[in-house]
Structures are given as C-alpha cells and as structure tokens.
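>
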C-alpha cells in the first residue's frame with residue numbers, strides 16, 4: 058500500500074544523503090521508490106549528482122528511469138552515458154520511448170547508438186514518423202493473435218510472448234497479410250471458454266487510425282470512444298503500432314498548453330525553464346509584431362492630436378475605452394478558440410456565433426457604457442464627456458464581439474491555427490475601433506468638452 | 058473494421074431521414090453507430106426530434122446514450138422521460154454516470170427517481186461526494202478478490218461476476234475488513250499458473266487516493282504513474298471506488314479550459330452555447346472589475362493632464378508603452394500560471410523565476426525600447442521623445458516581469474487560484490507603471506518635447 062509521495066520531501070531526503078556523500082544510501086533510497094518518482098527526483102538533481110547516481114544503477118533500472126522522463130530530461134541524463142551503455146539501455150526500453158530519446162540526440166550520435174543496439178529494427182522504424190502524428194506517438198505493435206486459434210491456444214501464446222511486455226489491455230487479431238481484422242479485450246479472453254475460437258469472441262468493429270493522423274485527432278478519438286489504446290495501420294491496413302492512453306493524456310495537456318501560450322502571444326514551445334536567449338526568442342518577435350499594431354492604433358490617436366490638445370481630459374479616458382474593448386474581445390476570442398479546439402463549434406457556426414456574441418457585446422457595452430458615462434460625468438462634471446465615452450464604449454464592445462468571433466473563424470477557414478494570431482488581430486481591431494470611436498465622437502462634440 | 062465517422066456527415070444523413078419523417082430509418086441508422094457517436098448526434102438534435110427518437114430506443118440503448126453524454130446534455134435528454142422510465146435507465150447505467158445524471162436534476166426529482174430505482178444504493182452513496190473530488194468522479198468498486206484464492210478460483214469468480222461489468226484492467230484484493238491490500242493486473246492473472254494464489258501474484262504497492270482528494274490531484278497521480286485506474290479508499294483504507302483514466306482525461310481538459318477562461322477574465326463555467334443572460338453574467342462582472350482598474354490607470358494619466366495639454370503628441374504614444382507592458386506581463390503570467398498548474402514550478406521558486414523573467418524582461422525591454430525610440434524619433438523628428446518613450450518602455454517591461462511572476466505566486470501562496478485574478482492585477486501594474494514612467498519622464502523632459 059503506497060500513498061503517492063510528496064516529491065519535495067523525497068528530494069530533501071535524497072539531497073541530505075548526497076550532501077553527506079552517502080551515495081549508497083541515496084541509491085538505496087531511490088530503489089524504494091516508484092520508477093516515476095525515481096525519474097522525477099533524478100531529473101531535479103545537478104548534472105554531477107545525476108552522473109554519480111546513474112553509475113550505480115543497472116541497465117534495466119536506467120531503462121525504467123528513461124521511460125518516465127520527459128524528452129528534454131532524457132537528453133540531459135543520456136549525456137552521462139557512453140554509446141555502448143546507451144545502446145544497452147535503449148534495448149531494454151519500450152520502442153516508442155527509445156525512439157523519442159534517440160530523436161533528442163544529434164543525428165550522428167543517434168546513428169552510432171542505433172548501430173550498437175541489438176534490436177534496432179522497431180526503434181528505427183518508429184523514428185520515421187513526424188513526432189506530432191499517430192506514427193510519432195505510437196509504440197511497436199504487440200504480438201498478435203490469429204482468428205482460427207482457440208482461446209486456450211491464445212492463452213498459451215500470450216504466456217510465451219507477453220511476459221516481457223508492458224501492461225496491455227487489448228489483443229489484436231491479424232489476417233495472414235498482417236491486416237487488422239479484430240480486437241479481443243483481456244476481459245473477453247478471460248470470460249471465454251478454452252475451446253472457443255478467437256474469431257467467435259473478437260470484436261470486428263475495431264477503431265483505428267492511419268500513421269499520419271494528427272496527434273490531436275488521435276487524442277480526440279481515444280477520448281470520444283473511451284479507449285485505452287488505439288491501433289495504427291498503414292495504407293494496406295496492416296497493424297504497425299498502437300497509441301496508448303498515457304501518451305494521449307500528455308498530448309491533451311501539451312495541446313492545451315500550446316493554445317494558452319499562443320493566446321498569450323508567445324511561442325507554443327515556451328517553457329519556464331528555457332535558457333534566457335531562448336525565452337527572448339520565444340517572446341520578442343511577438344512583442345515586435347504587437348508593436349506594429351500598437352503604432353497603427355497610435356496613428357489613429359495622432360489623427361486627433363488637435364482635439365486632444367484642446368481637451369487633454371480625453372487622454373485619461375482613451376485607454377479605458379480601448380482597454381475594455383480589448384478585454385471583451387479577448388473573452389469572446391478565447392471562448393471561440395477553445396470551443397474550436399474541443400470541436401464544440403465549427404466555422405459553419407460563424408453566423409450563429411456572431412449573432413450570439415454581438416448580443417452579449419451590446420448588453421455588456423450598454424451596461425458598461427452607462428456606468429462609465431456616469432463616472433466620467435461625476436468625476437469631470439461634464440455630461441457630454443459621459444455621453445461620448447458611453448457611446449464609444451458601447452460601440453467598441455460591439456466591435457470586440459465581431460472581431461472576437463470573426464478573426465479565429467477566418468483563421469480556421471484558412472487552415473491556419475486560430476490560437477496563433479487571433480490575439481494580435483483582435484486587439485488591433487479593438488484599439489483602433491476604440492480610439493476612433495472615442496476621439497471621433499469627441500471631435501464632433503468638441504465644443505461641449507472644452 | 059471501422060474508421061471513425063465524420064460527425065457532420067452523419068448528422069446530415071440523420072437530418073435527411075428526420076426531414077422525411079422517416080423515424081424508423083433514423084433509429085435504424087443510429088443503431089449502426091458507436092454509442093459515443095449515437096449520443097453525440099442525439100445531443101445535436103432539436104428537443105422534439107430527440108423526444109421522438111428516444112421513444113424508439115430500448116432501456117439499455119438509452120443507458121448507453123446517457124453514459125456518453127456530458128452532464129448538461131444528459132439533463133436535456135432526461136427531461137423527455139418520466140420518473141419510472143428514468144429509474145429504469147439509471148439502473149442500467151454505470152453508477153458514477155447515474156449519479157452525475159441525478160446530480161443535474163432538481164433535488165426533489167432526483168429523490169423521486171432514486172426511490173423508483175431497483176438498486177439505488179451504489180448511486181446514492183456516490184452522490185455524497187463533491188463533484189470535483191476523487192469521490193465525485195469515481196465509480197462503484199468492482200467485485201474484488203481475496204488473497205488466499207487460487208488463480209483458478211479467481212478466474213471462476215470473474216466469470217460469474219464480471220460478465221456485466223464494463224471493460225476493466227485491474228482487479229483489487231481486499232482483506233476481510235474490505236481494506237485494499239493488493240492489485241492484480243489482468244496480464245498477471247493470464248500469465249499465472251492456475252494453482253498459484255492471488256497473494257503470490259498480487260502487487261502490494263498499490264497507489265490509492267482518499268475520496269476527498271481534489272480531482273486535479275487525482276489526474277496528476279494517474280498521469281505520473283501511467284495508470285489506467287486508481288482505487289479510492291475511505292479513512293479506514295477500505296476500497297470505496299475506482300477512478301478510471303477516461304474520467305481523468307475529461308478532468309485534464311476541463312481544468313485547462315477553466316484556466317484559459319480565467320486568464321481571459323471570465324467565469325470558468327463559460328460555454329459558447331450558454332444562453333445570453335448567462336453569458337452576460339459570466340463576463341460583465343469581470344469587465345466591471347477591470348473598469349475599476351482602468352480608472353486607476355486613468356487617474357495616473359489625469360495627474361499629467363497639464364503635460365499632455367502642452368505636448369499632445371504624448372497621447373499617441375501612451376497606449377504603446379502601456380500595451381507592450383501588458384503584453385509582456387501576460388506572457389510571463391501565462392507561463393507562470395500554466396507551470397504552476399502542471400507542477401513544473403512552485404512558490405518556493407519565486408525568486409529564481411523573478412531573476413529569470415527580469416533578465417528576459419530587460420533584454421526585451423531594451424530591444425523594444427531602442428526600436429520604439431527610433432520610430433518615435435523618425436516619425437516626430439524629436440530625439441527626446443524617442444529617449445522618453447524608449448526608457449519608459451524598458452522600465453515597463455521590467456515592471457511586467459516582476460508583476461507577471463509575483464502576482465500569480467502570491468495568489469498561489471494565499472491558496473487562491475493563480476489563474477483567477479492574475480490578469481487583472483498584472484495589467485493594472487503595467488498600465489499604471491507604463492503611464493507613470495512615460496508621462497513622468499515626459500514631464501521631466503517637457504521643454505524638449507514641445
């Protein structure tokens with residue numbers, strides 16, 4: 058019985074051993090932990106400490122550790138091993154994880170390691186697929202059943218071939234050409250009588266994907282049909298791999314993170330632990346693009362410099378109108394981008410969404426418009442100022458609703474990523490719209506504002 | 058062999074039948090589909106069409122449909138059934154889904170339905186847990202094994218008790234008090250010899266959670282240890298339920314959506330299909346809070362009205378400085394909020410993160426500062442204007458880095474949700490900071506700007 062450990066406590070204990078140079082106790086303590094925790098702790102250590110501990114671990118233990126690390130930590134830990142050691146470890150690893158690890162190395166180094174491996178075939182073939190496709194996240198296909206076998210024969214086959222496999226949940230049935238024709242759950246196998254044939258108990262309605270299917274689509278299929286594994290086939294429908302739910306969970310989390318970062322206008326590859334130059338590269342270009350749009354907004358303001366010179370009070374309210382438009386536009390845009398990602402809406406729902414969001418925008422706009430008008434009136438004692446800012450606010454929230462729906466929908470229709478550039482366009486619309494409406498109305502009512 | 062269907066094509070075909078009033082073909086077509094697709098299509102129909110189709114489905118088919126619907130759609134579809142029918146359907150459903158459905162009904166209605174059910178015990182006990190805890194997402198415990206059974210006896214027991222269960226992957230071993238003492242994977246059971254005892258093949262290192270564990274924590278544990286199911290225990294460590302990976306996938310997606318919506322400053326419950334009054338309620342209060350902070354920024358501008366009256370050109374550049382600060386602050390805040398959610402960083406990393414982000418902020422600030430200074434200089438022909446705006450930009454990106462780290466970290470330390478209010482505070486800092494730096498410097502250099 059184990060309760061999940063607190064990683065920070067475990068790290069403290071491990072560090073205490075290491076500070077006393079008691080490497081043996083440190084290794085012994087790590088061995089008491091779940092491989093996932095062992096890997097997590099190892100990745101938190103300084104490189105020299107990692108190297109010292111890794112020297113004390115067996116090949117199978119190292120393989121377990123690598124299987125639990127994320128790709129960047131894999132590469133960090135791998136650099137403590139020489140080519141022969143790494144090849145040995147990779148031979149022990151699940152092929153998909155081994156392929157991921159090799160993908161993190163320099164191409165020449167990866168080739169050297171592959172050459173040293175005893176069973177490089179599975180791993181090498183997995184390395185041919187783009188990392189964000191079904192092929193890129195699948196693992197090698199498990200030993201498969203034939204339909205004319207009896208359940209007793211199948212059980213015998215499993216005892217021979219599956220002892221070394223990871224936990225598995227479905228068995229696949231192939232025809233003589235290696236084409237997928239059915240699926241047997243372990244439950245069905247256990248419930249069946251020994252003399253039944255696989256054909257009798259197999260489920261013919263297997264859901265599968267092609268190797269080039271996008272990982273996001275794979276995630277959605279596993280989720281929609283509540284599966285724990287999904288077979289991957291080639292163009293002849295031959296079974297070439299399996300995507301398991303644990304990979305999919307990572308994909309779902311990764312895709313959500315990427316969308317969040319894109320909405321915040323930075324590279325989807327951003328990570329808090331990126332080195333400074335990389336962080337700058339992930340963010341500065343977006344800020345520069347934004348600067349361009351900011352100057353577009355500023356040139357609208359510049360058009361009205363004469364008005365502002367005559368009524369400097371306007372300068373204080375300008376950012377309120379534009380900012381609220383930006384906030385409302387971000388609300389609409391975010392809900393559209395997320396609903397598109399979750400397939401809750403599609404571009405054909407654009408008119409419905411505009412109609413929905415425009416009404417919300419107008420209601421919010423009128424409410425905020427009245428509020429801000431009253432504040433401006435009482436603060437500056439001028440009802441016309443209130444009128445101008447109230448009208449501009451209402452109008453800009455309408456602009457925000459239109460832009461918030463239209464921009465991501467148009468990007469989606471153009472097969473671009475709606476999360477990627479929506480923020481920039483939406484805030485450009487609300488800034489330009491806000492300044493134009495507010496300062497335009499102010500110019501019209503100028504003689505009442507001075 | 059089935060390829061996942063295109064839902065939009067299927068919906069078109071279904072609608073074609075319904076428009077011809079060919080209800081039988083519509084139902085027959087639905088029966089050819091996977092229950093998940095059947096449910097999805099049904100939830101897309103108009104209420105009258107739903108009611109017509111539901112009348113033609115058997116109780117078990119209805120139970121399958123309900124198990125695939127999300128909670129709100131469940132409630133919509135359920136209203137077509139009377140209390141007796143609903144009780145029958147609920148008896149056929151997985152207890153956790155049945156409890157979720159009852160949770161969506163009015164309390165009196167739920168009580169009536171429970172009374173009519175044949176086996177209300179499992180469902181009623183599941184309804185006692187808060188929906189966002191392990192107890193709220195778990196389902197009733199499966200029939201369990203005893204450690205002194207042989208594998209042959211266990212297989213016999215499974216054949217008797219599991220035929221009606223959903224797919225399952227692990228079997229749990231309990232002691233005489235119902236306490237969890239081990240776990241047997243189906244793989245281990247199949248690989249074992251018939252005369253071995255369960256005790257010999259069981260894994261004693263079972264990872265479990267308490268019923269009141271937060272669903273986010275549950276998701277992280279399943280993910281960390283690559284599990285497909287996690288047992289839930291009470292205070293005496295008695296097995297009271299199991300959380301399966303499919304529920305967890307939904308939790309991960311839901312939590313990401315909520316964080317995105319909170320970062321965009323709207324209610325985490327927002328949905329694109331919310332009725333207008335609800336959409337307004339989900340967004341207007343956040344806009345009003347923002348209005349308050351916008352006026353705080355505006356009162357900073359008001360302090361410098363005299364300066365602006367003398368150099369109206371400043372008004373055009375004000376939003377550039379504040380806006381870029383807001384963008385940079387949002388970048389930092391988003392990466393901090395997301396890294397906190399994924400447990401990649403913790404509040405104890407605050408100083409490290411400030412040091413990291415401050416350097417990124419200063420580099421970006423200097424780069425943007427120089428760029429914007431040059432633009433201002435060439436556009437308005439005044440190098441001092443360039444100097445003022447360049448310095449203010451650099452300073453404000455530093456403010457953005459500090460606020461972007463500190464605000465979510467402080468919220469986390471106060472046990473508040475970092476996603477919830479960070480945006481408001483961060484943009485307040487960057488607006489106030491930007492206006493103050495820019496207009497303050499401008500006042501100092503005023504005679505060179507006129």
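Residue numbers (my numbering), protein chains in the order written: chain D, 58 to 507; chain W, 58 to 507.
All residues carry an ideal CB built from backbone N, CA and C; glycine is no exception.
(1) Check residue 329 of chain W in the structure and name its three-state DSSP category.
(2) Count the other CB atoms within 10 Å of the CB of residue 73 of chain D; is the residue buried (16 or more) or exposed (fewer)?
(3) Taking the alpha-carbon positions, what's the residue 311 of chain W to residue 252 of chain D distance?
(4) Does the separation of the CB atoms of residue 466 of chain W and residue 376 of chain W fall below 8 Å?
(5) Below 9 Å on C-beta distance, what does residue 300 of chain W contact in chain D?
(6) For residue 340 of chain W, count the other beta carbons within 10 Å of its own beta carbon; 16 or more makes it buried, fewer makes it exposed. Which is it?
(7) Considering only residues of the same chain and omitting the five flanking positions on each side of residue 255 of chain W, which have a CB-CB separation below 8 Å?
(8) Contact check, residue 126 of chain W vs residue 153 of chain W under 8 Å by CB: the rounded distance?
(9) Figure out for me which residue from D:226, D:217, D:237 has the closest Cα to the Cα of residue 249 of chain W.
(10) For the stretch 296 to 328 of chain D, enumerate the residues whose C-beta is nearer than 9 Å to any C-beta of chain W, in chain order.
(11) Report the residues of the stretch 400 to 415 of chain W with a CB closer than 9 Å to any CB of chain D, ordered along the chain.
(12) Identify which residue in D:426, D:97, D:236 has its Cα closest to the Cα of residue 443 of chain D.
(13) If you follow the beta strand (DSSP E) that residue 286 of chain W is part of, which residue opens it and which one closes it?
(14) Give the secondary structure of residue 298 of chain W by DSSP, where H, G and I count as helix, E and B as strand, and everything else as coil.
(15) Contact defined as beta carbons within less than 8 Å: I believe residue 195 of chain W pairs with residue 300 of chain W. What is the distance between those atoms, to the nearest angstrom?
(16) So, are the CB atoms of residue 502 of chain W and residue 379 of chain W less than 8 Å apart?
(17) Which of the three DSSP states is assigned to residue 254 of chain W in this structure?
(18) For residue 132 of chain W, return the contacting residues in chain B, with the cut-off set at a CB-CB distance below 7 Å.
(19) So residue 318 of chain W packs on residue 331 of chain W, CB below 8 Å; how close in whole Å?
(20) Of all the CB atoms in chain W, is at least one closer than 8 Å to the CB of residue 455 of chain D?
(21) For the stretch 451 to 460 of chain D against the stretch 407 to 420 of chain D, do three or more pairs of beta-carbon atoms, one drawn from each stretch, fall closer than 8 Å, so that the two count as touching?
(22) Please classify residue 408 of chain W as buried or exposed, where buried requires at least 16 other C-beta atoms within 10 Å of its C-beta.
(23) Just to confirm, is the Cβ distance from residue 149 of chain D to residue 120 of chain D under 8 Å?
(24) Do the stretch 353 to 363 of chain D and the stretch 357 to 375 of chain W meet, that is, are 3 or more Cβ pairs less than 8 Å apart?
(25) Measuring alpha carbon to alpha carbon, tell me which residue in D:488, D:434, D:477 is nearest residue 506 of chain D.
(26) In angstroms, rounded to a whole number, what distance separates the CA positions of residue 499 of chain W and residue 437 of chain W?
(27) Give the single residue among W:176, W:382, W:244 whose Cα lies nearest to the Cα of residue 228 of chain W.
(28) Hey, is residue 58 of chain D's beta-carbon within less than 8 Å of any beta-carbon in chain W?
(29) Going by CA-CA distance only, name the one from D:71, D:102, D:246, D:104 that's closest to residue 88 of chain D.
(30) How about residue 394 of chain W and residue 476 of chain W: do their beta carbons lie closer than 8 Å?
(31) Just by C-beta distance, which residues in the stretch 194 to 221 of chain D are closer than 9 Å to chain W?
(32) Cβ closer than 9 Å: which chain D residues qualify as neighbours of residue 466 of chain W?
(33) Please classify residue 294 of chain D as buried or exposed, where buried requires at least 16 neighbouring CB atoms within 10 angstroms.
(34) Could you tell me how far apart the beta carbons of residue 237 of chain D and residue 264 of chain D are, in whole angstroms, since I believe they sit closer than 8 Å?
(35) Going by the beta-carbon positions, is the gap between residue 48 of chain W and residue 191 of chain W smaller than 8 Å?
(36) Just mark residue 354 of chain W as buried or exposed, buried being the case when its beta carbon has 16 or more other beta carbons within 10 Å.
In brief:
(1) coil
(2) exposed
(3) Roughly 46 Å separates the two Cα atoms.
(4) no
(5) Chain D residues near residue 300 of chain W: none, gap ~13 Å exceeds 9 Å.
(6) buried
(7) 202, 203, 204, 205, 206, 207, 208, 211, 230, 239, 241
(8) That pair is no contact at about 14 Å.
(9) Nearest option by C-alpha distance: D:217.
(10) 301, 302, 303, 305, 306, 307, 309, 310, 312, 313, 314, 316, 317, 318, 320, 321, 322, 323, 327, 328
(11) 400, 401, 402, 403, 405, 406, 410, 413, 414
(12) Cα-wise, what sits closest to residue 443 of chain D is D:426.
(13) 286 to 290
(14) Strand.
(15) 5 Å
(16) no
(17) strand
(18) Considering every chain present, this structure includes no chain B. Its protein chains are D and W.
(19) So it is not a contact: roughly 12 Å between Cβ atoms.
(20) Not an interface residue.
(21) Cβ pair count under 8 Å is three or more, so yes.
(22) exposed
(23) yes
(24) In short, these stretches touch, since the Cβ pair count reaches three.
(25) D:434
(26) 15 Å
(27) W:244
(28) Unreliable positioning characterises residue 58 of chain D in this predicted model, as indicated by a pLDDT of 47, which lies under 50. The coordinate reading is nonetheless provided below. Residue 58 of chain D counts as touching chain W.
(29) D:71
(30) yes
(31) 212, 215, 216, 219, 220
(32) In chain order: nothing, as chain D lies at least about 12 Å away.
(33) buried
(34) Contact flag wrong, Cβ pair sits at about 10 Å.
(35) Shown here, chain W extends from 58 to 507; a query on residue 48 of chain W therefore has no answer.
(36) buried
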